[in-house]
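Line by line, the protein sequences are chains A and B. Count the first sequence with the working numbering and you get residues 33 to 128, in order. Count the second sequence with the working numbering and you get residues 532 to 863, in order. Every residue gets a Cβ at the ideal spot worked out from N, C-alpha and C, and that includes glycine. Please read these numbers as outputs of a predicted model, since none were measured by experiment.
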Amino acid sequence: MSDHPEWPLFEVFIRSRQGLEHKHVGSIHAADSRMAIEHARDVYTRRQEGISIWVVRSSEVTASDPADADALFEPARDKVYRHPTFYPIPPEVKNL
Amino acid sequence: MYTQGLDSLGKESLHVASTDTTALEARFQGKIDADEKIEPKDWMPDAYRHTLLRQISQHAHSEIVGMLPEGNWITRAPSLRRKAVLIAKVQDEGGHGMYLYSAAETLGLSRDQMLQQLIAGTAKYSSIFNYPTPTWADVGAIGWLVDGAAIMNQIPICRCSYGPYARAMVRICKEESFHQRQGFEIMMTLARGTPAQKEMAQAALNRWWWPSVMMFGPNDAESKHTAQSIKWKIKRFTNDELRQHFIDVTVPQAEFLGLKVPDPDLKWDAATEHYTFGTIDWTEFQNVLKGNGPCNRERLETRRRAYEDGQWVRDAALAHAQKHKQREAKAA
């Protein structure tokens, strides 16, 4: 059976309704991207969970390594001044 | 991300030998104790990975094999409405299998490997699906009792420590309650029908009651994986706790239907506010588990044939896709 290659894997993203972003919901096997859309429709939107589908070959996704997370996200950690709560404003000042 | 988790399991897992495994394990358990989720590329102990792989693939296989006993009645459903409902339900089971295979693949086993393990008989599936469905009432009893027991088992897994499994379970549980209700509706219609129909409903309850009670697995004292699985938050309740809960909620439903639960020892204990029930015949359970149930061979044979008969379709679709890709490349 190993002489029969498996259908490639696709990651599936669904826009649940107009105005919302596409969100990762899982993965699907298909021979090509068109079939992947149809399979994703059957597997992930049987109850009108979506109005638009994106599929991306899983092998095309580059992901960050959780082991590197500390180093990768460290630069944002000490920059509290990026948040509005960092700035004390006297209570009598309005609309700020 | 799903496959990425398979191809490269993260640096930490590659350096286990050279780093302090105990420290990694302590950090892992710390995350679980703090109710944080584990995601595919995070470091995890091998035993955690294997336990999950076994459980999720087994769960996926159960959904797929579970399509067979009910699929048996699609062509003979008593009305167009019942038929449409049953098709939708069986299709959901197939979909649940897909969600679960998708989650299991993130742990490093391909879909094809899992299917081959099922066909080879080296992977297990819930032995409840090795019982036959001789009447239409069995379809009702499966929805009401088997899906009812499954829901009880599955709701706590929505909070499982492994992210992809928990997310798949949330999706499944949302769809599952329709399954149980349509089953109860079938039982209710039969129980309120002619004496022959009521008798048919009772016979189906008699067939499915004990197998459903056994779906929760061996008694806690016999269950070797429970303690570790609870520590890892793969499991949240023990088999006996879930079983008791199932019996407590289901017995009043049977009473409502005017049907009799086939357990002469069943009685309400006002002190504990639980039902006490008769001794479970585990020899039968073990026998079905070993492959000697009424339908074990037939179920596996059906799956094997579906896999082999579908091979040319999978090959042809892939060849077609490759041809198109080449044509597009030439045109560009």
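Nearest to B/Val780 by alpha carbon, out of B/Met731, B/Ile682, B/Thr637 and B/Leu649? B/Ile682
Counting contacts by CB-CB distance shorter than 8 Å, is B/Thr568 in contact with chain A? The question names Thr, yet the displayed sequence has Lys at residue 568 of chain B. With 8 Å as the cut-off, B/Lys568 does not count as an interface residue toward chain A.
Considering only residues of the same chain and omitting the five flanking positions on each side of B/His805, which have a CB-CB separation below 7 Å? Gln775 and Asp779
Closest residue to A/Glu38 among A/Val44, A/Glu81, A/Glu106 and A/Ile60 (Cα-Cα distance): For A/Glu38, the closest C-alpha among the options A/Val44, A/Glu81, A/Glu106 and A/Ile60 is that of A/Ile60.
Rounded separation between B/Gly674 and B/Gly602 - CA only: 13 Å
Compare the C-beta of A/Val87 with all C-beta atoms of chain B and state if any pair is closer than 8 Å. For A/Val87, the answer is no, since every Cβ of chain B falls outside 8 Å of its Cβ.
B/Ala848 touches chain A at which residues, Cβ-Cβ below 9 Å? Trp39, Ala62, Ala63, Asp64 and Met67
Give the single residue among B/His855, B/Ile595, B/Arg830 and B/Tyr693 whose Cα lies nearest to the Cα of B/Phe559. B/Tyr693
Look at the alpha carbon of B/Phe777 and the alpha carbon of B/His855, and state the distance between them as a whole number of angstroms. 53 Å
Per DSSP, what kind of secondary structure is B/Gly652 in: helix, strand or coil? coil
Could you tell me which residues DSSP pairs with B/Asp800 in its beta bridges? B/His805
Does DSSP classify A/Lys55 as helix, strand or coil? strand
Interface flag, B/Asp794 vs chain A, CB-CB below 8 Å: no
Excluding sequence positions up to five away, which residues of its chain have a Cβ less than 8 Å from the Cβ of A/Arg114? Ala108
Can you tell me where the beta strand (DSSP E) holding A/Trp86 begins and where it ends? It spans Ser84 to Arg89 - the beta strand (DSSP E) in which A/Trp86 sits, taken as one unbroken run.
A/Val125 burial status per 10 Å Cβ neighbour count (16 or more: buried): exposed
Is B/Glu859 a contact residue of the ligand FMN, with contact defined as CB to any heavy atom under 7 Å? Although the ligand FMN was asked about, the structure shown includes no ligands whatsoever.
Just list the residues that DSSP pairs B/Phe768 with in beta bridges. Its beta-bridge partners do not exist; DSSP assigns none.
Starting from B/His855, find everything on chain A with Cβ-Cβ shorter than 8 Å and list it in chain order. Asp64
Taking Cβ-Cβ distances below 9 Å as the criterion, which residues of the segment 606 to 629 of chain B are in contact with chain A? Ala619, Gln622, Asp623, Gly625, Gly626 and Met629
Kindly say whether B/Ala852, judged by its beta-carbon, lies nearer than 8 Å to any beta-carbon of chain A. yes
Determine the direct distance from the alpha carbon of A/Val112 to that of A/Leu128, and round the result to whole angstroms. 18 Å
Classify B/Glu864 as buried or exposed, calling it buried when 16 or more other Cβ atoms lie within 10 Å of its own Cβ. Absent from the model: residue 864 of chain B. The displayed extent of chain B is 532 to 863, so no value can be given.
Considering A/Phe42, what are the terminal residues of the beta strand (DSSP E) in which it resides? Leu41 to Arg47
Contacts around B/Cys704, its chain only, beta-carbon distance under 8 Å, and the 5 residues preceding and following it disregarded: Annotation for B/Cys704: Ile682, Gln685, Ile686 and Cys689 place their beta carbon closer than 8 Å to its own, counting only its chain and skipping 5 residues before and after.
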